[in-house]
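Written below as structure tokens is the structure these notes are about.
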Amino acid sequence: MTRGPGRRAALALLAAPALARAQPAWPTRAIRIVVPFAPGGPTDVMARVVAPGLQAALGQPVVIENRAGAGGNVGAAFVARSAPDGTTLLIASTGFVVNASLFRNPGYDPVQDFAPITELGASPNTILARPDSGIASIDDLIARAKATPGGLNLANPGTGSTPHLTAELLRLRAGIEFVQVPHNSAALAVQALLSGTTQVGVAALPPAHAQVKSGTLRALALTGQARWPDLPDVPTMLELGWDGFVSETFQAFLAPAGTPAPILQRLAQETIAVLGVPETKARLLAAGFGLRPQGPDALAKRIAAEVPLWRDLIRRAGLQQE
């Protein structure tokens, strides 16, 4: 019996269902998303907004696990060491790329140890003051810092966070001093301001957004390219004449290196779909997030660009590696 192209095609069609059945289904059990910060900060908020949509799309529970410590290193290193089977994932902030230069041994390599899924969103940082501080502008802040021996105490969400480095950039360019007071999350840094522990601080916009809107905190400036839609009275540092003064806190969705490509593709596809739901988009915008769901390649490019960017600032600021 001859076995021409037609017979081979028929055999391939018959074999296809068997091959499909041979591929293990994914996911077959719960998925854990590790957030390397305490609850309440922007990365945690983003994870908890995205998780329900992913759970519905994937048909398995999606659980958020907060593993705070060492500026995000504890949680990131845990995921880097996890099995690359798509069941332990990471949603990290910009500290993920900063810590590669800030710490001698962060416990992971942001390029070698992770597979990018997609960037989720990015937010400008905001320079904040208590309304009763007498500091109503960046000029006021600089004048107060110059008049304060040793510099002002300034709350930030953690060593190596972009708010921390934003304050360092302001210190360098204005020729002033701050006593940086790091916290384990942006929510705790904002709480320090609200309680009066510090008079000024820097945070990503999401955890401070509601307080700025209500007037319980004053936003002196934002560090984005443009004013935020529902905060039209808050200027950017660029508008105030600080050329090139742009810094963002972004959220990245990542898996351990070696995670199979079909799993990464499915995660990217479903996550982008979740972020495209109008109600989700509106909720995140109102919370201070600009959405950036562009898939694995765009996130890989951002990571590759930002590692040297922050390394240069860390070197210029003379920050001690830990």
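Add 18 to a position in the sequence shown, counting from 1, and you land on the number used in our numbering.
Note that beta-carbon positions come from the ideal geometry of N, C-alpha and C, so glycine has one too.
Whether P311 touches E137 by CB criterion (8 Å): If you number the sequence shown from 1, residue 311 lands on position 293. If you number the sequence shown from 1, residue 137 lands on position 119. Result yes, Cβ atoms of P311 and E137 sit closer than 8 Å.
Within 8 Å, strictly: CB atoms of N117 and G89: Here residue 117 is taken as the residue at index 99 of the sequence shown, counted from 1. Here residue 89 is taken as the residue at index 71 of the sequence shown, counted from 1. Going by C-beta atoms, N117 is nearer than 8 Å to G89.
Beta strand (DSSP E) segment containing A147, residue limits: On the sequence shown, position 129 is the one that residue 147 refers to. Taken as a continuous stretch (DSSP letters only), the beta strand (DSSP E) holding A147 covers F132 to A147.
Any non-hydrogen atom of the ligand HEM within 7 Å of L72 CB: What this structure holds is no ligand at all, so the ligand HEM is not there to describe.
Residue span of the beta strand (DSSP E) that contains T106, given as start and end: Working through the sequence shown from its first residue, we reach residue 106 at position 88. For T106, the enclosing beta strand (DSSP E) covers residues T106 to A110.
Buried versus exposed, by CB contacts within 10 Å (16 or more), S213: The residue you call residue 213 lines up with position 195 of the sequence shown. By the neighbour-count rule (16 or more Cβ atoms within 10 Å), S213 is not buried but exposed.
Exposure of S203, with buried meaning 16 or more beta-carbon neighbours within 10 Å: By one-based count along the sequence shown, residue 203 stands at place 185. With 16 or more other Cβ atoms within 10 Å, it is buried.
Contact check, I281 vs V115, beta carbons under 8 Å: Taking the sequence shown and counting its residues from 1, one reaches residue 281 at position 263. Taking the sequence shown and counting its residues from 1, one reaches residue 115 at position 97. No.
Among T234, G71, Q73 and L183, nearest to L331 - alpha-carbon criterion: Translated into the one-based positions of the sequence shown, residue 331 becomes position 313. Nearest C-alpha to L331: L183.
DSSP three-state assignment for G152, whether helix, strand or coil: Within the sequence shown, numbered from 1, the residue matching residue 152 stands at position 134. It is coil, neither helix nor strand.
Cβ neighbour criterion (16 or more within 10 Å) applied to T177: By one-based count along the sequence shown, residue 177 stands at place 159. With 16 or more Cβ atoms within 10 Å of its Cβ, T177 is classed as buried.
Reduced DSSP secondary structure (H/G/I, E/B, other) of E288: On the sequence shown, position 270 is the one that residue 288 refers to. In the structure shown, E288 sits in a helix (DSSP, three-state: H, G or I).
Check whether P181 and N171 have beta carbons under 8 Å apart: As a working mapping, residue 181 is identified with position 163 in the sequence shown. As a working mapping, residue 171 is identified with position 153 in the sequence shown. For P181 and N171, no; Cβs fall outside 8 Å.
Residues sharing a beta bridge with A222, DSSP: Numbered from its first residue, the sequence shown carries residue 222 at position 204. According to DSSP, which records beta bridges pairwise, A222 is partnered with N143.
Where V129 sits in the DSSP three-state scheme: Your numbering for residue 129 matches position 111 in the sequence shown. Coil.
Identity of the residues DSSP links to T267 by a beta bridge: Walking along the sequence shown from the start, residue 267 turns up at place 249. In the DSSP assignment, T267 is bridged to S141.
Beta-carbon gap between L76 and E288 smaller than 8 Å: Looking up residue 76 in the sequence shown gives position 58. Looking up residue 288 in the sequence shown gives position 270. A Cβ-Cβ contact shorter than 8 Å links L76 with E288.
Distance, G259 Cα to D150 Cα: Residue mapping note: residue 150 aligns to position 132 of the sequence shown, counting from 1. Residue mapping note: residue 259 aligns to position 241 of the sequence shown, counting from 1. Straight-line Cα distance between these residues: approximately 26 Å.
Proximal residues to R85 (C-beta, below 7 Å), its chain only, five neighbours per side dropped: Mapped onto the sequence shown, residue 85 falls at position 67. If we look at R85 and ignore the five residues flanking it on each side, its Cβ neighbours are V52, P54, V92, G93 and F96.
Minimum C-alpha distance to A341 - residue among R66, E257 and R191: No statement about residue 341 is possible, as the shown extent of the chain runs from 19 to 340 and does not include it.
For L72, three-class secondary structure by DSSP: Walking along the sequence shown from the start, residue 72 turns up at place 54. Of the three classes helix, strand and coil, the one that applies to L72 here is helix, per DSSP.
Residues near R333 by beta carbon distance below 7 Å, same chain, minus five either side: Within the sequence shown, numbered from 1, the residue matching residue 333 stands at position 315. Nothing meets the Cβ criterion.
Counterpart residues of T254 in DSSP-defined beta bridges: What you label residue 254 is simply residue 236 of the sequence shown in a count that begins at 1. According to DSSP, which records beta bridges pairwise, T254 is partnered with L240.
Nearest residue (CA-CA) to G139, options L303, G113 and V218: Here residue 139 corresponds to residue number 121 of the sequence shown, with the count starting at 1. Among L303, G113 and V218, the Cα nearest to that of G139 belongs to L303.
Spatial distance of V199 from L211 (CA atoms): If you number the sequence shown from 1, residue 199 lands on position 181. If you number the sequence shown from 1, residue 211 lands on position 193. C-alpha separation (whole angstroms): 11 Å.
Assigned secondary structure, R50 (DSSP; H/G/I helix, E/B strand, else coil): For the purposes of this step, residue 50 is taken as residue 32 along the sequence shown, with counting starting at 1. R50 falls in the strand class under three-state DSSP.
Beta-carbon separation (whole angstroms), V230 vs G71, contact threshold 8 Å: The sequence position of residue 230 within the sequence shown is 212, counting from 1. The sequence position of residue 71 within the sequence shown is 53, counting from 1. So it is not a contact: roughly 27 Å between Cβ atoms.
Integer-rounded CB distance, given that L223 should sit under 8 Å from L240: As a first step, residue 240 is located in the sequence shown; it is residue number 222 there, counting from the start. As a first step, residue 223 is located in the sequence shown; it is residue number 205 there, counting from the start. Sure, about 7 Å apart at Cβ, within 8 Å.
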